[in-house]
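Here is the structure we will look at.
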Amino acid sequence: MLKILKQIIISITILVVLVSCTSKEPTAPPSGQEPDYFPNSDGTNYLFTITESDSTGILRTGSRYVFYYGDTLINSTSYKFQKDSVEMGIEIDERISNFRKSETGVFYFIDTSGFAAALPDTLRNRMTITSEMQTLLLLLAKGSFWQVFKLTITLQSGITYAPYRITASYVREEDVLLHLVSGDLNVTAQKIKYELEYRFDPEEPSQKFTSFSWVADKIGIIKMDGNAIVVNTILSGEVSLDDSSKTVTYVLIDYNIP
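Heads up: the sequence shown begins at 788 in this note's numbering, then just goes up one per residue.
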């Protein structure tokens, strides 16, 4: 069973999409104006630089281009399309994901039918997976905490454990200097902490990996930095437990919001 659980976690492809700093106290928006940390009008696009490294130094550099467009219905719920193009050296990876934005957060649709159908009935019937991944809470405030994604296995009646879980929490407000193609830009950003916790054996201690994201009003995600497992899960939808020693940094260098 442990082997099957490991294969589940490693093979999950979650269709999701996802500098100097000075901390300060959060600034309340003007009355009646809520900040927009995730602009998503058709044609909105972003360009990030990517730096991947480990304890020995920089391994690879590249770029990530994100484009929002159109809409579709999935299980009677309206979602927008997100196209990601990641270029690392001579490698180019493109993928399409679906997300929706509500008054409270940003949610990505998770298609679990592929790997769930390949599981034995005995395990499939004991597995519970959240149908969406909430990558962002739009009403950020001191003490904000939410569950991003969770996979639960029922071992027996009344006994469950989560071999794979991601949570997020608000950290603080910071000033961030962006080196955009058009020139340097100082922005006020909200820092968010993401934590991935997984364990193959319910009797063994869990392993935890962390990353941080910075979002700015009327811009969106401007930076993400931390463990490659977490960053790639949130931003590119790839889960690989073989690169836990790597860290990755995404930094915004250009964007266009119609």
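Beta carbons are placed, not taken as given, at the ideal position from N, Cα and C, and that holds for glycine.
Query	Result
Inter-residue Cα distance where the pair is asparagine 827 and asparagine 1043	11 angstroms
3-residue-minimum beta strand (DSSP E) runs that sit fully inside the segment 918-1003, ordered along the chain	919-924, 932-943, 946-967, 970-985, 994-1003
Pairwise C-alpha distance: isoleucine 946 and leucine 834	45 angstroms
Rounded straight-line distance, which links the Cα of serine 1032 to that of lysine 793	Note on lysine 793: pLDDT 49, under 50, position unreliable in the model; the coordinate value appears next. Roughly 18 angstroms separates the two Cα atoms.
Strand pairing of aspartate 880, partner residues [DSSP]	Val873
Residue of Thr939, Arg952, Ser931 minimising C-alpha distance to asparagine 912	Thr939
Inter-residue Cα distance where the pair is threonine 859 and arginine 847	35 angstroms
Proximal residues to leucine 926 (C-beta, below 7 angstroms), its chain only, five neighbours per side dropped	Thr891
CB of leucine 983 within 8 angstroms of CB of leucine 972, strictly	no
8 angstroms Cβ cutoff met for proline 950 and tyrosine 985	yes
Span of the beta strand (DSSP E) around asparagine 1043	1034-1043
Presumed contact (8 angstroms Cβ cut-off) between serine 998 and valine 1017, rounded CB distance	4 angstroms
Residue from Phe854, Leu1039, Gly1013 whose Cα sits closest to the Cα of valine 968	Leu1039
Endpoints, the alpha helix (DSSP H) within which threonine 1020 is located	1015-1022
Threonine 1036 versus glutamate 991: straight-line alpha-carbon distance, rounded	30 angstroms
Among Lys870, Tyr856, Asn885, the one whose alpha carbon lies nearest that of asparagine 862	Asn885
Buried or exposed (CB count within 10 angstroms, at least 16 for buried), phenylalanine 996	buried
Assigned secondary structure, arginine 913 (DSSP; H/G/I helix, E/B strand, else coil)	coil
Own chain partners of methionine 1011 with C-beta closer than 6 angstroms, once the 5 adjacent residues on each side are dropped	Ser1000, Val1018, Tyr1037
Strand pairing of threonine 825, partner residues [DSSP]	Here residue 825 turns out to be phenylalanine, not threonine, going by the sequence shown. According to DSSP, which records beta bridges pairwise, phenylalanine 825 is partnered with nothing at all.
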